[in-house]
Amino acid sequence: GAGVSQSPSNKVTEKGKDVELRCDPISGHTALYWYRQSLGQGLEFLIYFQGNSAPDKSGLPSDRFSAERTGGSVSTLTIQRTQQEDSAVYLCASSLALWDTEAFFGQGTRLTVV
Amino acid sequence: AQKVTQAQTEISVVEKEDVTLDCVYETRDTTYYLFWYKQPPSGELVFLIRRNSFDEQNEISGRYSWNFQKSTSSFNFTITASQVVDSAVYFCALRLNSGYALNFGKGTSLLVTP
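Protein sequences appear in the order of chains E and X. Numbering follows the numbering used here, with no gaps: position 33 of the first sequence is 94. Numbering follows the numbering used here, with no gaps: position 111 of the second sequence is 99.
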């Protein structure tokens, strides 16, 4: 696609439910990144993918968070048993390759846990 | 560890004024990249500029200019003759050559009033 696409744009969920956030990167971009933006913590890096592989998961806030990427394209960030502190905007970005430092961001998914 | 500090939380100017957004960074690495991103109300992070640590040349792009000084670990951003459309949150970020994550500052919210 023309840009990085994220869905849904807004998600309200009840505490304890699981949610899936989707990111569709720019076509041909092999590197994909997830960030979280919250009032208290600012912009935090969560995880990156090179192709379908995520070599370093240490940025994920807890074991309730997981991410996968299939076909070198779409990525899904899953949060299990959501908590109120998970409320944030989740931003996805992609770049041509990991060595390419110019990353293009999507508009984000605003997650609200009530 | 690396850190990016944007000491100005909010700035308000009147249209046509010049405004400088400050960014100070910390890293022990000698090879790194510095970035500025703009986040308008729509939420998408828009890439403005990237500099690598070996290139201290200042850059001008239209009304935007950037001043990179390694001696003071600063990468400041000036908007000349500000316009209402410049109203946004501006983020400075650092990426190490040895890593893939962008380390963001807390952002500066710029409001330009007519």
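Here a beta-carbon is modelled for each residue, glycine too, at the ideal position from N, C-alpha and C. Computed from a prediction, not measured in an experiment: that's the story for all the values here.
In chain X, which residues lie less than 7 Å from residue i when you measure between Cβ atoms?
i	result
E:V73	Neighbours of E:V73 on chain X: none; closest Cβ ~17 Å, over 7 Å.
Find the nearest neighbour of residue i within the set the options, judged by alpha-carbon distance.
i	options	result
X:L9	X:T(-3), X:N64, X:R83	X:N64
E:S70	E:L93, E:Q168, E:Q98	E:Q168
X:F79	X:S49, X:V72, X:F23, X:K(-9)	X:F23
X:N85	X:G31, X:R16, X:L36	X:R16
E:E105	E:T162, E:C153, E:E163, E:A158	E:C153
E:T170	E:T137, E:P122, E:D117, E:Y109	E:T137
E:L85	E:A63, E:E163, E:V174, E:A149	The amino acid occupying residue 85 of chain E in the given sequence is Asp; Leu does not appear at that position. Checking every option, the nearest Cα to that of E:D85 belongs to E:A63.
X:S62	X:K(-9), X:Q(-4), X:Y13, X:V100	X:Y13
E:L121	E:G133, E:S68, E:Y94, E:V65	E:Y94
For chain E, find out if any of its Cβ atoms is closer than 7 Å to the Cβ of residue i; answer yes or no.
i	result
X:E44	no
X:K4	no
X:E47	no
X:Y21	yes
X:R39	no
Could you spell out where the beta strand (DSSP E) holding residue i opens and where it closes?
i	result
E:R130	126 to 130
X:E14	12 to 14
E:T137	136 to 140
E:Q67	66 to 68
E:G103	103 to 111
E:V174	170 to 174
E:I87	Note, E:I87: premise wrong, no beta strand (DSSP E); not H, not E.
X:L82	76 to 84
Whole-angstrom Cβ separation of residue i and residue j, contact assumed at under 8 Å?
i	j	result
E:G112	E:T91	6 Å
E:E81	E:T139	5 Å
X:E44	X:S53	That belief does not hold up - the Cβ atoms of X:E44 and X:S53 are roughly 14 Å apart, past 8 Å.
X:S97	X:V77	5 Å
X:S41	X:T18	7 Å
X:G95	X:Q(-6)	6 Å
E:D147	E:L172	6 Å
Mind pulling the chain E residues with CB within less than 7 Å of residue i?
i	result
X:E14	The contacting residues do not exist; X:E14 stays about 16 Å from chain E at best.
Can you name the residues of chain X whose CB is closer than 8 Å to the CB of residue i?
i	result
E:A164	F35, L90
E:L159	Y88
Step through the CB atoms of chain X and report whether any lies within less than 7 Å of the CB of residue i.
i	result
E:Q186	Chain E is shown only over 62 to 175; residue 186 of chain E falls outside these bounds and no answer can be derived.
E:L104	yes
E:Y109	yes
E:L93	no
Applying a beta-carbon distance threshold of less than 9 Å, which residues of chain X neighbour residue i?
i	result
E:L152	G31, E32, L33
Identify the contact partners of residue i in chain E, using a Cβ-Cβ distance below 8 Å as the criterion.
i	result
X:F63	What X:F63 touches in chain E: nothing, since even the nearest Cβ is about 14 Å away.
X:F79	L104
Checklist entry - Which of the residues in the region 82 to 99 of chain X, read from start to end, lie with their CB under 8 Å from any CB of chain B? => result Here the protein chains are E and X, and chain B is not one of them.
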